[in-house]
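For the sequence shown, the positions run 496 to 702 when the working numbering is used.
Beta carbons: idealized from backbone N, C-alpha and C, even for Gly.
Let me begin by presenting the structure, written as structure tokens, before commenting on it.
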Amino acid sequence: MKVRSSLFFLLVSFIALMSTGCGPFVPAKTANDVQREQQEHINMEGAAEVGMPNLVNFRDQRGMKYWYERRDQANLLTYSYTKNLEGRWVYYCDSIGYPISGGTQYSAPESMQRYRVRDDRYAPDSTSGWDYGVARLPQAEPNGVFPPTTALGTGIICINPKTNKAEAEYAEDNVDTFTYPQPSAIGEPDRSGTPKPPPPDPLAPKK
496 MKVRSSLFFL LVSFIALMST GCGPFVPAKT ANDVQREQQE HINMEGAAEV GMPNLVNFRD
556 QRGMKYWYER RDQANLLTYS YTKNLEGRWV YYCDSIGYPI SGGTQYSAPE SMQRYRVRDD
616 RYAPDSTSGW DYGVARLPQA EPNGVFPPTT ALGTGIICIN PKTNKAEAEY AEDNVDTFTY
676 PQPSAIGEPD RSGTPKPPPP DPLAPKK
């Protein structure tokens, strides 16, 4: 009985010693760790001393709201131009609304998807050698293609000068669009006389 008690005491002592002497391994701090902590301390002092900017008018936020609302406005007559190698405006077309960058995507560029790929590491030359899982993968557009995240192309709703109808155009050049014409632009049409009323906006909501 005494032997069992002694063994039990030794076992409990050994476990206690291991739990105190062999805790989780904590690596030594690196120079980057020390600099990061010092920088965080400086940032905290700066935030406490200076505080947040005392904004009153919120012009940036108001400007973004105004710009978004103008872009969303239906039947907005605009004028689109490109630039030549000399930096001069070159007339492109009378347009409706603002252009859309060729890199803009209709749907999210990535999504969580299930995959099933062949992996012969598990079963070479066997029908069971497949790897399954879920990962963030590129997502195709509604037309089935995978567009680049950046592109120089520009989509424009131009007004056909002969038919006075709105038509979708695509330009590889960079396009600048204004709500007023640029009289000094190369190829700028004669705007004297009574202007034609713009055609219906094809992007306007249907009533």
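Handout entry: Between the CA atoms of L571 and E662 - distance to the nearest angstrom
Key = As a working note, residue 662 is residue 167 in the sequence shown. As a working note, residue 571 is residue 76 in the sequence shown. For E662 and L571, the distance between alpha carbons rounds to 15 Å.
Problem - Top-ranked residue by Cα proximity to L632, from P643, T658, E605, Q533 - result: What you label residue 632 is simply residue 137 of the sequence shown in a count that begins at 1. Ranking the options by Cα distance to L632, first place goes to E605.
Exercise for the section: Compare the Cα-Cα distances from R611 to each of S602, A630, I651, I595 and report the closest residue. Expected result: Locating residue 611 in the sequence shown gives position 116, counting from the first residue. For R611, the closest of S602, A630, I651, I595 by C-alpha to C-alpha distance is A630.
Practice task
Would you kindly work out how many angstroms separate the C-alpha atoms of Q600 and P522, rounded to a whole number?
Solution key: Stepping through the sequence shown from its first residue, residue 600 is reached at position 105. Stepping through the sequence shown from its first residue, residue 522 is reached at position 27. Using only the alpha carbons, I get a separation of about 45 Å.
Problem - Candidates N669, P678, T689, of which the one nearest I651 by Cα - result: Counted from its first residue, the sequence shown places residue 651 at position 156. Of N669, P678, T689, the residue nearest in Cα terms is N669.
Exercise for the section: Output the distance between the C-alpha atoms of T689 and D589, rounded to the nearest integer angstrom. Expected result: Taking the sequence shown and counting its residues from 1, the one referred to as residue 689 is at position 194. Taking the sequence shown and counting its residues from 1, the one referred to as residue 589 is at position 94. So the alpha carbons of these two residues sit roughly 15 Å apart.
Practice task
Taking only the alpha-carbon atoms, compute the straight-line gap between P643 and G598 and give it to the nearest angstrom.
Solution key: One-based indexing of the sequence shown puts residue 643 at position 148. One-based indexing of the sequence shown puts residue 598 at position 103. The alpha-carbon atoms of P643 and G598 are separated by roughly 6 Å.
Practice task
With a 10 Å radius around its C-beta and 16 neighbouring C-beta atoms as the bar for buried, classify P695 as buried or exposed.
Solution key: As a position in the sequence shown, residue 695 is number 200, starting the count at 1. Exposed, since its Cβ has fewer than 16 Cβ neighbours within 10 Å.
Practice task
Name the residue from A646, N549, P678, D671 whose alpha carbon lies nearest to the alpha carbon of T577.
Solution key: Here residue 577 refers to the residue found at position 82 when the sequence shown is read from its first residue. Ranking A646, N549, P678, D671 by Cα distance to T577 puts D671 first.
Practice task
Verify whether the separation of the beta carbon atoms of Y574 and P676 is less than 9 Å.
Solution key: The residue given as residue 574 occupies position 79 in the sequence shown. The residue given as residue 676 occupies position 181 in the sequence shown. For Y574 and P676, yes; Cβs fall inside 9 Å.
Practice task
Can you check DSSP and say which residues form a bridge with Q607?
Solution key: Counted from its first residue, the sequence shown places residue 607 at position 112. Gln is not the amino acid found at residue 607; the sequence shown has Met there. Answer by DSSP bridge pairing, in chain order: R631.
Practice task
Report all residues from its chain with a CB closer than 6 Å to the CB of F673; omit the five preceding and five following residues, and keep chain order.
Solution key: Counting from one through the sequence shown, the residue named residue 673 turns up at place 178. Around F673: Y574.
Problem - Distance CB(R566)-CB(A680) smaller than 9 Å - result: Along the sequence shown, one-based indexing puts residue 566 at 71. Along the sequence shown, one-based indexing puts residue 680 at 185. Their beta carbons are not under 9 Å apart, which means R566 does not touch A680 by this criterion.
Exercise for the section: Using 8 Å as the cut-off, classify the Cβ of P604 as near or not near the heavy atoms of the ligand FMN, replying yes or no. Expected result: By its list of ligands, the structure shown contains no ligand whatsoever, and the ligand FMN lies outside what it can speak to.
Exercise for the section: Decide if T649 is buried, meaning its Cβ has at least 16 other Cβ atoms within 10 Å, or exposed. Expected result: Along the sequence shown, one-based indexing puts residue 649 at 154. With 16 or more other Cβ atoms within 10 Å, it is buried.
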